[in-house]
Structure formats: C-alpha cells, structure tokens
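Positions 0 to 404 (numbering that gives the first Met the number 0) are the ones given, in order, by the sequence shown.
Report on the structure given below.
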Amino acid sequence: MLNFVHQPESTVRLGDYLRTHLQESKWTNFRSAIAFVKQSGVKHICQPLTEFSYNGSVKISVGIDHGGTSMEGLRTLFESIENRGEIWIYHNENFSTFHPKIYLFKNDNQADVLIGSSNLTEGGLFTNYEASFSVSLDLNVKVDRNLLLQIEHTLDLWSNNIQGTARLLTSDLLNQLVISGYVPTEAQARTNQETQERRRSSQQGSNLIAMPPLFPRVQVPRAPVVSTEIFDESEDFSPEEIEIEIPEPVPPQVGNYRGFVMTLQKTDVGRGQTTPGKAARSPEIFIPLSARDYDPEFWGWTNDFIEDPNKPGKWDRQGVRMRVGISTVDVNMMTWPDKSDFRLRSEVLRSAGNIGDILKIERTDGQGGFAYYVEIIPQGTSQYGQFLGVCVNPVRNSIKRWGYY
Numbered sequence: 000m001l002n003f004v005h006q007p008e009s010t011v012r013l014g015d016y017l018r019t020h021l022q023e024s025k026w027t028n029f030r031s032a033i034a035f036v037k038q039s040g041v042k043h044i045c046q047p048l049t050e051f052s053y054n055g056s057v058k059i060s061v062g063i064d065h066g067g068t069s070m071e072g073l074r075t076l077f078e079s080i081e082n083r084g085e086i087w088i089y090h091n092e093n094f095s096t097f098h099p100k101i102y103l104f105k106n107d108n109q110a111d112v113l114i115g116s117s118n119l120t121e122g123g124l125f126t127n128y129e130a131s132f133s134v135s136l137d138l139n140v141k142v143d144r145n146l147l148l149q150i151e152h153t154l155d156l157w158s159n160n161i162q163g164t165a166r167l168l169t170s171d172l173l174n175q176l177v178i179s180g181y182v183p184t185e186a187q188a189r190t191n192q193e194t195q196e197r198r199r200s201s202q203q204g205s206n207l208i209a210m211p212p213l214f215p216r217v218q219v220p221r222a223p224v225v226s227t228e229i230f231d232e233s234e235d236f237s238p239e240e241i242e243i244e245i246p247e248p249v250p251p252q253v254g255n256y257r258g259f260v261m262t263l264q265k266t267d268v269g270r271g272q273t274t275p276g277k278a279a280r281s282p283e284i285f286i287p288l289s290a291r292d293y294d295p296e297f298w299g300w301t302n303d304f305i306e307d308p309n310k311p312g313k314w315d316r317q318g319v320r321m322r323v324g325i326s327t328v329d330v331n332m333m334t335w336p337d338k339s340d341f342r343l344r345s346e347v348l349r350s351a352g353n354i355g356d357i358l359k360i361e362r363t364d365g366q367g368g369f370a371y372y373v374e375i376i377p378q379g380t381s382q383y384g385q386f387l388g389v390c391v392n393p394v395r396n397s398i399k400r401w402g403y404y
C-alpha cells in the first residue's frame, strides 16, 4: 500500500512515523540514509531508537556536506545505539552532495519504507514543508522483494568502506570530523547563520526605502515537546545522584586579533625520528617568533609565562586549555632564546592535521572552560581558500605562511 505523507499540516508527520515504527515490536531491522542530522531532530527519536537497538538491528548512513550535520546530532545518535548498531558517515571530496532521505523498517515478511525530502532535524520531522511517499511491502510477493533488494543494495553502497567514501563512526572519528571542520558544532552553525543574516540585513539597509516582506508569516503546527527526563525508570537511582560535569571557566584570553591561522608543514605534523631505540621528536607545533611578536597578547606573552628555573631564558606557559574537536586538552606553550620559534606542545594538536592543512586558533572568553578553540582546515574544503587568503606572512627559508584575523 502506497501512502502520501506531507507536513506540517498532516496528522501524521515523519517524526510520528519514526517514533511509531521504532516502538512496534514486530520490526527487526531499521536502516536509514539521511543527508543532514541535528540534535533538534535526534532528540525526538533517541529514546525509542535506544530501546529498539537492544533487540533489533540498526544501520544509519549520514551525510556531512554543507555544514548540515552537527556534532551534537551525531554524538547523540551515536550514544543512542552505542555498540548495538552502526552509524556510517558518507562524504565524497568530489563535491557530490550526499542528499538521500530513506527510512526503512523490515522483518522476515514485511517492510515499510518512507522516501522523501525530510532530514533528521526538527524541521524535517515536524515543522518544515516536506513531502514523502511511504510504502508497505509484502516480502512474500516477488515484485515487493525485488524492490526491497534494490533499496537495500543502495543502502549497502552507502554503508561500506570499499571506496573510502563511507566511514564507520567512532568517538575518535567524530573528534577528527570536528577538528577538521567537516562537522560544525551547533553554536558554530548558529554563528554562521547569524553572520549571513546580518550581512543580508546590512545590504537591505543600504536601500533608501525599507522594503516590506513579500510574503506573510503563517503559524504551523509545532513539534511535540520532548521530555527532559532521560533516566531509565528501571534503574535504582534518583536524578539527584547523577553528577553533571560543568566546566570550570578559565580567564578570558585577550589579544588584538580574534584568531590566528598558519599552514602546517612536516615539522608540525611529522614524527621525526622513528629509528627503534631512539627517542622520537616531541609533539610540537612550531609558531614563528615573528607571528608570536605580531600579537603577543594573543598568546599571553610574556605576562602568562614563567621562566624555567633549570634553563635560564626558557619560558613556559603550561596547562593552557584548548578545545580541539569535542575534547578539551592541556597544551604547553614554550619559547627560549637559543631557538628561532615558539612552540605548542601537544600530541593531540600534532596528530590532528596533515602537511598543507591550516591550523586555526581562536581565543575565547573562557566561559566554556578553555582559552582557545582549535580547528584544522583541510585542503580541498570550502573554508580552505578563505583562510589560506589570510595566511599572508612568509617565513624565511620556509613555505610556511601565517596570519591573523
């Protein structure tokens, strides 16, 4: 049977369809391919998805193009099924957008499939104008079985690593996706959207005559309220016993510029000595002294540094809190007179990028528990050209470039 599902006016929207199917015990498999995933959508299905994953098979492919998928959305989806299912991240550096929206439930005798325009966001589930077809397949009927085989074959193509365009999500991969700029946090996404809206408003404001809206504002049915109660009633504890870790604020990082960018070279991301029995090079990012001295306050130089009592002239700023992806790490800053550079010592930083990538460091107000926010901008991404244009300052005897913004 074929059904037409539309929203937001319909009595059954995609969010209702998913929640109902996930709670029906007859289904043994749930598969999906989704272009964009955000926390606003995952929060509506995470509880029934978790319960489903204890007895059923779950395999989901998610796209990460155009900043449409957020770190929080992926993290909540990943935590909902933990090791009881698979989340695959699909991306092609050839700039072909991963854009399907397929939701499949099946057992040995039946399959329900919905294919349409809705992503796993609150808008896609409930409040956007979306349209989909859903179909119930009788797997005892050959034509229905053949249709299911076609759908599953396509889903299989998007959930294996033969071509390298699909990777199984792990906590380490999620961290790398955030560090490398493939997946924004929702705060970053909001900032980008606000910047675009301000730019649009300023352009409109340049007109002498204020233009009225061309379309009316019409209220649509709201998404259902999601309970903030996340405790399993079968567990023998109360909410008061749950410890929620709130990061301790750090002092705000001052500076004349908001951020620093630099192209990474072999000395920054290479491991140097690998001969057995000999010490490997320390994990350090090399910042030119000219870059440090261009905005010393950005690095806390020299007010936040302490001279090493065992090496006169060597200065350290230890335990600098930096947010790298979804982790906050301690980084040691150091400089001394017999070296021609300023160094950031951290294995996490050293391992994050590749030669030619751009290191991006922004100072913060410290309220999140870290003084700097760090990203790696990989070559070939949409942001790479933008920040490469900021790297205007050369380094003598090196192809490294750096700049502030």
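C-beta atoms are modelled at their ideal positions from N, C-alpha and C, and glycine is treated no differently.
- In the structure shown, Asn28 falls within a strand segment according to DSSP collapsed to helix, strand and coil.
- Inter-residue distance for Val323 and Glu283 is about 15 Å (C-alpha atoms, whole angstroms).
- Cβ-Cβ separation between Pro295 and Val394: approximately 18 Å, too far for a contact (criterion under 8 Å).
- In this structure Leu136 touches Gln109 by the C-beta definition: roughly 7 Å separates them, less than 8 Å.
- Relative to the Cα of Asn106, the nearest Cα in the group Ser56, Pro215 and Arg18 belongs to Ser56.
- Close CB contacts of Lys310 within its chain, under the 8 Å cut and outside five residues either way in sequence, are with Trp335 (chain order).
- Within the same chain, Cβ atoms closer than 8 Å to the Cβ of Thr75 are found at Gln38, Val41, Lys42 and Cys45, the five residues on either side in sequence being excluded.
- By the C-beta criterion, the segment 296–306 is judged to be in contact with the segment 248–264, since at least 3 inter-stretch pairs fall below 8 Å.
- 9 Å or more divides the Cβ of Thr68 from the Cβ of Val219.
- Annotation: the continuous beta strand (DSSP E) that includes Asp329 extends over Ser326 to Thr334.
- By the Cβ-count criterion, His152 is exposed, with fewer than 16 other Cβ atoms from all chains shown falling within 10 Å of its own Cβ.
- In its chain, beyond the 5 residues on either side, Ala32, Trp87, Tyr89, Trp157 and Ser158 have a beta carbon closer than 6 Å to the beta carbon of Ser60.
- Taken in chain order, the unbroken stretches of alpha helix (DSSP H) that lie wholly in the segment 340–371 and span 4 residues or more are 346–351.
- If you look at Ala222, you'll find it isn't in any beta strand (DSSP E); DSSP assigns it neither H nor E.
- Taking 9 Å as the cut-off, the beta carbon of Val268 is found closer than this to the beta carbon of Asn353.
- Secondary structure note for Gly67: it is in no alpha helix (DSSP H), with a DSSP letter that is neither H nor E.
- From the listed residues Lys313, His98, Ser381 and Pro246, the smallest Cα separation to Gly365 is found for Pro246.
- By alpha-carbon distance to Ser289, the top candidate from Phe259, Ser345, Leu113 and Ile80 is Phe259.
- In this structure, the alpha-carbon of Ala165 lies about 20 Å from that of Ser79.
- In this structure, Pro7 lies near Phe125, with their beta-carbon atoms less than 9 Å apart.
- When DSSP reads this structure, Thr262 sits in a beta bridge with Ile357.
- The DSSP assignment places complete alpha helix (DSSP H) segments of no fewer than 4 residues inside the segment 90–173 at 141–156, in order along the chain.
- The beta carbon of Thr380 is closer than 7 Å to those of Gly180 in its chain, skipping five residues each way along the sequence.
- Looking from the CA of Val217, the closest CA among Thr184, Phe285, Gly402 and Tyr128 belongs to Tyr128.
- The beta carbon of Asn2 lies closer than 6 Å to those of Ser133 in the same chain, with the five residues before and after it left out.
- Excluding five sequence positions before and after Leu172, the CB atoms of its chain that fall closer than 8 Å to its own CB belong to Ile88 and Arg166, given in chain order.
- The three-state reading of DSSP puts Ile44 in helix, counting H, G and I together.
- Nearest in C-alpha terms to Ser281, of all of Leu343, Gly123 and Leu358, is Leu343.
- The alpha-carbon of Ala188 is positioned some 41 Å away from that of Asp143.
- Straight through space, the alpha carbons of Tyr404 and Gln385 are spaced by roughly 11 Å.
- Taking the C-beta atoms as reference points, Gly368 is found no nearer than 9 Å to Val225.
- Here the C-alpha atom of Leu263 lies approximately 15 Å from the C-alpha atom of Gly388.
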